[in-house]
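**Q**
Numbering (full-length UniProt numbering), first residue to last: 1 to 227.
In structure tokens form, the structure reads like this:
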């Protein structure tokens, strides 16, 4: 009896993903390797991914339209957005090359009102009972002084995380902050990196397939605990 009800319980849950390339996976293995699909496979929940590489916040309404039929029955929505609005890779290069932490910090913090507005758009597109989760961007920066101004680069990732977290609190949606530290021991330039280098010709500053698998595990664990 218990296993029967557990099966039915899992079967009614579903995941819809929107957002940018951190959610879409792109050159990191494609949508089948993306963390929402990995999480869905772990949980045995149907999952569909509408995220698009290069997406910025103004692209979210269009994604919501495309995902409308799936969102009508979705129990969970997961996404990353805002990284391209900041220009994470370019911002980090500014810090590495010129230590322009003040300018990048101001730009990151300025995103908060637009983030709140974007989150509210997502809320308006789903049922009241649907659970919505902004997923943190992973701090993939190397450790051990492998790049110039490394500590400042970590600080930029902290500021981006804090800005997103504050926006989720204001909008009243959930935040999967644990993903930020998902690559500890597997940072850029480590012996087994879960991310491609800032200087890679493809997939630069994005997780590889191992990285997306790790993020998927953490997201699945968070969604399960939040039942």
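Positions of the beta carbon are idealized from the N, C-alpha and C atoms, including for glycine. This one's a predicted model, so the numbers in the text were calculated from it and none came from an experiment.
#1: Give the straight-line distance between the Cα atoms of residue 224 and residue 152, rounded to the nearest whole angstrom.
#2: What is the residue span of the alpha helix (DSSP H) that residue 122 lies within?
#3: Using only the alpha-carbon positions, how far apart do residue 160 and residue 97 sit?
#4: Return the first residue and the last residue of the alpha helix (DSSP H) that residue 167 is part of.
#5: State buried or exposed for residue 128, treating a residue as buried only when at least 16 other CB atoms are found within 10 Å of its CB.
#6: I'd like to check one pair, residue 47 with residue 39: are the Cβ atoms closer than 8 angstroms?
#7: To which residues of the same chain is residue 86 closer than 7 angstroms at the C-beta, ignoring the five residues directly before and after it?
#8: Apart from the five residues just before and just after residue 178, which ones in its own chain have a Cβ nearer than 7 angstroms to its Cβ?
#9: Here's the rule: buried if 16 or more other CB atoms are within 10 angstroms of the residue's CB, otherwise exposed. What is residue 227?
#10: Using the C-alpha atoms, what's the distance from residue 12 back to residue 163?
#11: Starting from residue 76, follow its DSSP beta bridges and name the residues at the other end.
#12: According to DSSP, which residues form a beta bridge with residue 199?
#13: Tell me which same chain residues have a C-beta within less than 6 angstroms of the C-beta of residue 147, skipping the five on either side of it?
#14: For residue 47, list the residues DSSP reports as bridge partners.
#15: When you compare the region 73 to 92 with the region 205 to 219, are there three or more beta-carbon pairs, one atom per stretch, that lie closer than 8 angstroms?
#16: By DSSP, does residue 61 sit in helix, in strand, or in coil?
#17: In this structure, how does DSSP classify residue 98 when only helix, strand and coil are distinguished?
#18: Suppose contacts are defined by Cβ-Cβ distances below 8 angstroms. Is residue 77 in contact with residue 140 by that definition?
#19: In this structure, what does DSSP give as the bridge partners for residue 207?
#20: Taking just the CA atoms, how far does residue 41 sit from residue 10?
#21: Could you spell out where the beta strand (DSSP E) holding residue 175 opens and where it closes?
#22: Between the C-alpha atoms of residue 68 and residue 125, what's the straight-line distance to the nearest angstrom?
**A** According to the structure data:
#1: Roughly 35 angstroms between the two C-alpha positions.
#2: Counting along the chain, the alpha helix (DSSP H) containing residue 122 begins and ends at 112 to 124.
#3: Note on geometry: alpha-carbon atoms of residue 160 and residue 97 lie some 19 angstroms from one another.
#4: Counting along the chain, the unbroken alpha helix (DSSP H) around residue 167 starts and ends at 150 to 171.
#5: Exposed, because fewer than 16 other Cβ atoms sit within 10 Å of the Cβ of residue 128.
#6: Closer than 8 angstroms, so yes.
#7: Exclusion of the five residues before and after residue 86 leaves 107, 108, 111, 160 as the residues of its chain whose Cβ lies within less than 7 angstroms of its Cβ.
#8: Counting only residues of its own chain and dropping the five nearest sequence neighbours on each side, residue 178 has a CB closer than 7 angstroms to the CB of 218, 222.
#9: Using a 10 angstroms sphere on the CB of residue 227, the tally of other CB atoms stays under 16, which defines it as exposed.
#10: In this structure, the CA atom of residue 163 is about 33 angstroms from the CA atom of residue 12.
#11: DSSP output for residue 76 lists 15, 131 as bridge partner(s).
#12: DSSP lists no partner for residue 199.
#13: The beta carbon of residue 147 sits closer than 6 angstroms to the beta carbons of 96 from its chain, once the five residues preceding and following it are set aside; these are given in chain order.
#14: 15, per the DSSP bridge assignment.
#15: Segment contact: the region 73 to 92 against the region 205 to 219, three or more CB-CB distances shorter than 8 angstroms; contact assigned.
#16: Correct three-state label for residue 61: helix.
#17: Of the three classes helix, strand and coil, the one that applies to residue 98 here is helix, per DSSP.
#18: Contact flag unset, no.
#19: Paired residue(s): 195.
#20: Because residue 10 carries a pLDDT of 42, less than 50, the predicted location of this residue cannot be relied on, and the following value inherits that uncertainty. Cα-Cα distance, rounded: 12 angstroms.
#21: Segment 174 to 176, the beta strand (DSSP E) holding residue 175.
#22: Taking the straight line joining both Cα atoms gives about 8 angstroms.
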